[in-house]
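Comments concern the structure below.
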Amino acid sequence: SQTIHQWPATLVQPVGSPLSLECTVEGTSNPNLYWYRQAAGRGLQLLFYSVGIGQISSEVPQNLSASRPQDRQFILSSKKLLLSDSGFYLCAWTKTDMNTEAFFGQGTRLTVV
Amino acid sequence: QQQVKQSPQSLIVQKGGISIINCAYENTAFDYFPWYQQFPGKGPALLIAIRPDVSEKKEGRFTISFNKSAKQFSLHIMDSQPGDSATYFCAAGYLYNLFFGTGTRLTVIP
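Chains as they are written, first to last, in this note's numbering: chain A, 1 to 113; chain B, 114 to 223.
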């Protein structure tokens, strides 16, 4: 069966510090991978998606970047965090066609102080 | 710009009652309309989904009603239970894009 791992679960970082959140998927190959941010009252905002190694599409210009160094690994990064980067970050995967069930990780609660 | 508009923001229903959550969209390219359920501290999980070639889909106590001409769809939870208390998100998607509504926090009172 397929599983998705996302870590860390919680993170408190000072303003201006770097960020690296990691997501890995097991039990499937060539998944589509996604990073979402969830803010109160704004639902789930799609940040990045990837359809293959090294292929990253950004939906929202921001202080964040994403990378996909391996088929089942997706990383969300920032060189310098802003207070506005605080939120609940979710990684998700789908089979090749997005219009199927998206499986979400448990999320990372990021607080920038 | 919110691609999918969801209402209400919160909903309180008595046990056994019907919970109704509504969503609307503008982009006619959307061809996949799922609903996700999220419990606190967890990632969302797919509850039920519909494609625009049908007007209704029912799975147990959960029903999606879809009105293509009005570009609206809704989730009905029959015989609501305290265990249904969660945040519900509608979404609309095409190709690699899946856009979510802002969520509805449902509380079912025993």
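All C-beta atoms in this analysis are idealised placements derived from N, C-alpha and C, irrespective of residue type, glycine included.
Item, Value
"Can you pull the chain B neighbours of residue 42(A), defined as C-beta to C-beta under 7 Å?", "215"
"So, for residue 94(A): in the same chain, excluding its five sequence neighbours on each side, which residues have a beta-carbon less than 6 Å away from its beta-carbon?", "32, 100 and 102"
"Under a CB-based cut-off of 9 Å, is residue 76(A) close to chain B?", "no"
"Per DSSP, what are the beta-bridge partners of residue 154(B) in this structure?", "Paired residue(s): none; residue 154(B) is not in a bridge."
"Apart from the five residues on each side of it in sequence, which residues of its chain come closer than 7 Å, Cβ to Cβ, to residue 83(A)?", "15 and 112"
"Check whether the Cβ of residue 167(B) lies closer than 9 Å to any Cβ atom in chain A.", "no"
"So what's residue 84(A) in DSSP terms, helix, strand or just coil?", "helix"
"According to DSSP, residue 75(A) sits in a beta bridge with which residue or residues?", "22(A) and 67(A)"
"What separation, rounded to the nearest whole angstrom, lies between the Cα atoms of residue 30(A) and residue 52(A)?", "7 Å"
"Closer than 8 Å by C-beta to residue 181(B): which residues in its own chain qualify, once you throw out the five before and the five after it? Chain order, please.", "165 and 168"
"Count Cβ pairs between the segment 181-195 of chain B and the segment 133-140 of chain B that sit closer than 8 Å; are there 3 or more?", "yes"
"Does the distance from the C-beta atom of residue 157(B) to that of residue 19(A) stay below 9 Å?", "no"
"Listed in chain order, which residues of the segment 148-159 of chain B have Cβ atoms closer than 9 Å to some Cβ of chain A?", "149, 151, 154, 155, 156, 157, 158 and 159"
"Quick check: what's the CA-CA separation for residue 133(B) versus residue 190(B)?", "7 Å"
"So is residue 179(B) in contact with chain A if we call contact Cβ pairs under 9 Å?", "no"
"Quick check: is any heavy atom of the ligand ZN less than 8 Å from the C-beta of residue 50(A)?", "In terms of ligand content, the structure shown is empty, and the ligand ZN therefore cannot be addressed."
"Taking residue 51(A) as the query, report the chain B residues whose CB atoms sit under 7 Å from its CB, ordered along the chain.", "209"
"Straight-line CA distance for residue 26(A) to residue 6(A)?", "11 Å"
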